[in-house]
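Worksheet: the structure to be examined is printed underneath.
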Amino acid sequence: MQPFSKHTGLVAPLDRANVDTDQIIPKQFLKRIERTGFGEFLFYDWRYLPDGSLNPSFVLNEPRYRGASILVADKNFGCGSSREHAPWALGEFGFRVIIAPSFADIFANNCFKNGLLPIALPVAEIMRRVQEVEGYELTVDLETQTITDEKGLRVPFEVGSFQRYCLLEGLDDIGLTLRHEDAIKAYEASR
Amino acid sequence: MKSLFDKLWQAHVVREAQGEPTLLYIDLHLIHEVTSPQAFDGLRQAGRRVRRPDLTFGTVDHNVPTTDRSLPIADAVAANQVETLRRNCKEFGIQLFDINSPEQGIVHVIGPELGLTQPGMTIVCGDSHTSTHGAFGALAFGIGTSEVEHVLATQCLPQNKPRTMKVDVSGALPEGVTAKDLALGIIGRIGTDGATGYVIEYTGEAVRALSMEGRMTLCNMSIEAGARAGMIAPDDVTFAYLKNRRFAPDGERWDKALDHWRTFVSDDDAEFDAVVEIDAARLEPFVTWGTSPGMVVPVTSYVPDPADAANVTDRQAAERALEYMALTPRTNIQEIAIDRAFIGSCTNARLEDLRAAARVAKGYRVSSSVSAMVVPGSQEVKRAAEREGLDRIFSEAGFEWREAGCSMCLGMNADILEPGQRCASTSNRNFEGRQGRGGRTHLVSPMMAAAAAIKGHFTDVREWEFK
C-alpha cells in the first residue's frame with residue numbers, strides 16, 4: 001500500500017450529504033476483475049450526461065477543481081454498499097484525502113486499506129473557504145494529525161492509532177496478522 | 001452483565017494488545033463473484049493460500065441473469081467474473097454453489113437456508129447486507145475486498161470494538177405492518193447514520209414475535225441505519241428453523257450445539273451505549289419518498305416539504321431528492337403512480353415474503369400501466385414457492401416469475417429501470433440510480449409492492465380485500 005504521511009493539494013467541494021457508494025462508482029462498472037480501471041467512472045451519473053459528454057454543472061468538472069486531491073463533503077459519506085471499488089475509483093481519480101463530518105464504517109475501513117485518508121471533521125469552515133478562494137489548497141499532516149492552509153487555518157484531527165501507523169508505514173496488515181500464526185493456531189486448537 | 005454482542009466478541013478474540021485492534025476469528029466466510037476476484041489475485045501475488053477453505057463458501061448472485069439459465073450469460077464481462085469465481089474456488093478448494101446448482105441464490109438467503117449460518121458465529125462477506133445473518137444471534141458484518149483477502153489468508157480480522165445499541169420494540173405489529181415496515185420505521189426515526197459505529201441488538205416483544213424471515217429482514221436493513229451489524233438473540237424460533245438444515249449439527253451434536261447457542265443472550269442487566277425504544281403498535285406500512293432509506297413516511301401520509309426540515313443539510317438533501325424523484329411536496333403518497341414493481345432481494349425474497357405478496361396478488365391483475373416481477377431469493381425458495389403454487393398465483397396476476405439472484409435490487413444484470421421509471425421495490429436502497437440510471441425507487445414491504453402493482457399506485461394494504 002502507498003504510504004501516507006503529509007499531503008498538500010487542491011481541494012474540491014462536494015456539498016452533499018449521504019454520498020453513497022452507488023454514486024461514487026455505479027454498479028455497471030463493478031464487473032471488472034482488476035483493482036484498476038475505475039477512476040474514469042468515478043461519480044459517473046453526476047460527471048457525465050446521458051449522452052456520455054461531461055456534465056458542465058457538476059462541481060468536479062469545473063476547471064478550477066481540475067487536479068484536486070482533497071475532497072470535502074457533507075455527512076455520512078460512503079454510505080451503502082461495501083464495494084471497495086469506491087475508494088479504488090476515488091484514489092485512481094487522484095484523491096488522497098476525504099474530509100466529511102462522518103463516514104460510513106465499511107467505506108472508511110476500505111479507504112485506510114488503500115492509502116486514502118478519511119478525516120471526520122465538521123466541514124463548514126473549509127467548505128466556505130474552498131468556495132471563496134480559487135485554487136484553495138490544504139496541507140494534511142498525518143504525523144501531527146493537523147490540517148492547515150496558508151491563511152492560518154489549523155484544525156487538529158484524529159484517526160485510530162493503528163490505522164495511522166499502517167498508513168504512515170504503508171503496511172500490509174495481512175502480513176501483520178500472519179505474524180500471529182501461533183495465536184491463531186492456539187485459538188483453533190482451543191475450540 | 002454482558003450483552004449478546006459482548007459474548008460474541010469475547011468468544012472470538014484471538015489476540016488483544018494495547019493500542020492495536022483486536023484480532024477476531026471468523027467462523028464463516030461467504031464469497032460471491034463481485035467482491036472476491038481482486039482478493040484472490042492478492043493471495044496469488046503474495047503466494048498465500050486460503051487458510052480455511054472448509055469455512056469458506058461461494059455462490060453467484062449479484063450479476064447473474066434471472067432469465068433462462070440454460071443459456072450462457074450474454075454480458076461477456078459479467079460472464080468472465082462468474083468464470084473467475086469458478087476458477088478461484090477450484091484453485092483454492094472452496095465449495096461453490098454455482099449458477100446451475102440447486103443451492104444457488106442470494107448469498108444472504110442461502111447461508112441461513114443451508115444451515116451454514118448459526119448462533120454464536122462470526123460471519124463475514126464482501127457485501128454490506130451480511131448484517132442479515134445477525135438474525136440468528138451471530139456477529140455478521142460486511143467487509144471490503146482487502147478484508148476478504150485478509151480473511152481468506154488468515155481466517156481472522158483485526159477489528160476495533162464497536163459500541164452497542166439496543167433497539168427495543170414493545171407491543172405487537174398491527175396486521176399489514178411487517179418487519180420491513182419496522183426496519184423502515186427505525187431508520188426513519190434514527191436516520192441513515194443513526195447507528196454508525198454501533199452494533200444493534202433488537203429486543204422486545206415485537207421482535208420475539210417475528211419469524212426467522214422477518215428477523216432476517218430487520219437485521220438486513222441495519223446497515224441502512226449505518227450499523228456495523230444487527231443481531232437478535234437466538235430462541236426456539238431460531239432453533240426450529242435450523243433443525244435438520246444441511247449444515248446444521250445433527251444427533252448428539254445438535255443437543256450440544258443447543259446448549260452452546262442458548263448462552264448467546266444478553267444478561268438482564270447488560271449495558272448498552274445507546275437505547276432506542278419503539279412502540280410497534282404505532283407503526284404503519286411505510287413508503288420511502290426520497291433517495292435515502294431514512295426519507296420515509298407512512299402510506300397514509302404526504303411527501304414532506306423540505307421547508308420543514310430540521311436543518312440546512314437535511315433541507316438541501318430533501319430538495320435534491322424531490323427533484324430527482326420528480327415529486328412535489330405535500331403530495332398524497334397514495335396518489336403516486338408507479339411503472340414497475342420489484343419483489344425480491346436479500347431483504348424480502350424469502351418464502352414468507354413471497355407468500356405475503358401472493359396473498360395480496362391472488363385473484364387480481366397487475367395494472368396495465370405497471371410491469372412487475374418476482375425474483376425468488378434462491379433456487380430453494382423458488383422450488384418451495386412452486387410447490388405451493390405461488391408461481392401460478394403470480395403468473396396469473398401478471399407478475400413475471402424469475403430465477404434467483406440479486407436482480408433489480410442493484411441492477412448489475414439486465415434487470416434495471418429505464419430513466420424516469422418509478423418502482424415499488426421490496427429491496428433495501430432507494431439511492432439515485434441504484435436500480436438503473438434515472439430510475440426512481442420507493443422502498444416498501446412485499447405486500448405493499450404487490451398491492452401497488454395491482455392498483456398502479458401506492459395503497460394502504462391494511463384496507464386490502466383479500467380474495
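Protein sequence lines correspond, in order, to chains A and B. Note that this note's numbering has the first sequence beginning at 1, numbered continuously upward. Note that this note's numbering has the second sequence beginning at 1, numbered continuously upward. The beta carbon of each residue, even a glycine, is placed where N, CA and C say it ideally should be.
Residue i versus the options, residue with shortest Cα-Cα distance
| i | options | result |
| --- | --- | --- |
| B:V169 | B:A356, B:Y202, B:A153 | B:Y202 |
| B:R387 | B:L351, B:A372, B:R340 | B:L351 |
| B:M121 | B:G19, B:T67, B:L173, B:K7 | B:K7 |
| B:G19 | A:Y187, A:G160, A:A183 | A:G160 |
| B:T117 | B:S146, B:T132, B:D127 | B:T132 |
| A:F77 | A:G37, A:I25, A:A100 | A:A100 |
| B:L468 | B:F40, B:N332, B:D127, B:A257 | Missing from the structure shown is residue 468 of chain B; chain B here goes from 1 to 467 and no further. |
| A:K151 | A:V133, A:N109, A:I119, A:L168 | A:V133 |
| B:E103 | B:V366, B:D391, B:R245 | B:R245 |
| B:G436 | B:Y324, B:E463, B:E403, B:D391 | B:Y324 |
| B:G294 | B:I186, B:L218, B:Q81 | B:I186 |
| B:C409 | A:S5, A:P13, A:K27 | A:K27 |
| A:E143 | A:R164, A:R128, A:L153, A:A120 | A:R164 |
Residues near residue i in its chain [Cβ-Cβ closer than 7 Å; skip 5 each side]
| i | result |
| --- | --- |
| B:V177 | L283, E284, P285 |
| B:A414 | P65 |
| B:T300 | E284, D460 |
| A:W88 | R35, F38, N114 |
| B:D531 | Residue coverage of chain B in this structure runs from 1 to 467, which leaves residue 531 of chain B outside it and unanswerable. |
Per-residue DSSP class, three states only, for residue i
| i | result |
| --- | --- |
| B:C346 | coil |
| B:L55 | helix |
| A:T8 | strand |
| A:I106 | helix |
| A:A124 | helix |
| B:Y302 | strand |
| A:Y136 | coil |
| A:C111 | helix |
| B:Y25 | strand |
| A:T21 | helix |
| A:T36 | coil |
| B:R422 | strand |
| A:E118 | At residue 118 of chain A the sequence reads Pro, which differs from the Glu that was named. If DSSP states are grouped into helix, strand and coil, A:P118 belongs with the strands. |
| B:A414 | coil |
| B:Q159 | strand |
| B:V14 | strand |
| B:T291 | coil |
| A:G80 | coil |
| B:I232 | coil |
| A:A100 | strand |
Residue(s) in a DSSP beta bridge with residue i
| i | result |
| --- | --- |
| B:Y324 | None; B:Y324 has no bridge partner. |
| B:K166 | B:E201, B:V275 |
| B:Q95 | B:F57 |
| B:M373 | B:F342, B:E400 |
| A:R47 | Its beta-bridge partners do not exist; DSSP assigns none. |
| A:T148 | A:T139, A:R154 |
| B:S378 | B:G105 |
| B:H457 | B:A337 |
Host alpha helix (DSSP H) of residue i (start-end)
| i | result |
| --- | --- |
| B:R69 | That residue, B:R69, is in no alpha helix (DSSP H); it is neither H nor E in DSSP. |
| B:S146 | 145-154 |
| A:R164 | 161-169 |
| B:R189 | 179-190 |
| A:I184 | 181-189 |
| B:G251 | 251-261 |
6 Å CB neighbourhood of residue i in its chain, flanking five on each side removed
| i | result |
| --- | --- |
| B:T56 | H29, I94 |
| B:G405 | D61, V64, T66 |
| A:G80 | D20, T21, D22 |
| A:G67 | L10 |
| A:A108 | P118 |
| B:P446 | I343, N348, D353, A356, A357, T426 |
Range of the contiguous beta strand (DSSP E) that encloses residue i
| i | result |
| --- | --- |
| B:F40 | Not the beta strand (DSSP E): B:F40 falls in the alpha helix (DSSP H), residues 37-46. |
| A:P156 | 154-156 |
| B:N443 | For clarity, residue 443 of chain B is Leu in the given sequence; the question names Asn instead. Per DSSP, B:L443 belongs to the beta strand (DSSP E) from 440-443. |
| B:T288 | 286-288 |
| B:L139 | 139-142 |
| B:R215 | Run containing B:R215: none in the beta strand (DSSP E); it sits in the alpha helix (DSSP H), 212-220. |
| A:L71 | 70-73 |
| B:T122 | 122-125 |
Residue-level contact to chain E via CB, residue i, 8 Å cutoff
| i | result |
| --- | --- |
| B:H32 | The structure shown has no chain E; the protein chains it does contain are A and B. |
Cβ shell of residue i (< 8 Å), same chain only, five flanking positions each side left out
| i | result |
| --- | --- |
| A:V123 | V72, A73, D74, I99, A100, P101 |
| A:S69 | H7, G9, L10, G94, F95, R96, V97 |
| A:G170 | M1, Q2, P3, F4, G115 |
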